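Asks:
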Amino acid sequence: KTGTAQNYTDGWFIGYNPSVVAGVWVGASSPGVHFNNGSYGSGSAMALPVFGEFFRMANRNQDLSAYTGAAFAPLNDRLAQKLDCPDYREEELLDKLRDLFHSEEGTRARDEDDETEKKGFFKRIFGKDRGN
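Here the numbering used here = 1-based position in the sequence shown + 32.
(1) Measuring alpha carbon to alpha carbon, tell me which residue in Asp131, Phe87 and Phe104 is nearest Leu96.
(2) Run through the region 33 to 91 for me and flag every whole alpha helix (DSSP H) of 4 or more residues, listed as ranges in chain order.
(3) Taking Phe104 as the reference, give the member of Thr41, Val52 and Phe67 with the closest Cα.
(4) Pro81 to Arg130, Cα distance in whole Å?
(5) My output table needs one value for Arg130: the three-state DSSP class, helix, strand or coil.
(6) May I ask you to verify whether the region 39 to 49 touches the region 58 to 72, counting CB pairs closer than 8 Å and requiring at least 3?
(7) Going by Cα to Cα distance, which pick from Trp44, Asn49 and Arg121 is closest to Ala98?
(8) Can you tell which of Ile46, Arg156, Ala79 and Gly47 has the C-alpha that lies nearest to the C-alpha of Ala60?
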């Protein structure tokens, strides 16, 4: 899990497995010291690489690898079924536009507009037709 403080002054990352919980915080004691954007100042940019290097080094250490290499037990069938849900699909832009132009509300609005007299561009701005 990553976190980022306002104005990119602090970034953190917490990782865990069944045997280890480890956290990394990167920041400064003065809020005046910060990054200008999330490219460098986010938790994933500052703290996650430190965490990754820590776990990589711990995995190489025979005394620690039993802890860092611990795996979660597989879910039983009952829990797996409770967590099973269809994949989320982001509505595509074309689908959104299609819905917008084919909605009943949009059709009603266009029908009402057709009943009112439309003024020309210059008449709406200046109150008279351009040619007059």
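Think of the CB as a built atom: it goes at the ideal place given N, C-alpha and C, for glycine as much as any other residue.
No experiment lies behind these values; they were computed from the predicted model shown.
Replies: Let me lay it out:
(1) Taking only the C-alpha atoms, the option nearest Leu96 is Phe87.
(2) Listed in chain order, the complete alpha helix (DSSP H) runs (minimum 4 residues) inside the region 33 to 91 are 70 to 73.
(3) The shortest Cα separation from Phe104 among Thr41, Val52 and Phe67 belongs to Val52.
(4) Between Pro81 and Arg130, the alpha-carbon positions lie close to 43 Å from each other.
(5) In the three-state reduction of the DSSP assignment, Arg130 falls in the helix class, which pools H, G and I.
(6) A contact exists between the region 39 to 49 and the region 58 to 72.
(7) Checked all of Trp44, Asn49 and Arg121; the closest Cα to Ala98 is Asn49.
(8) Looking at the Cα atoms, Ala79 is the closest of the given residues.
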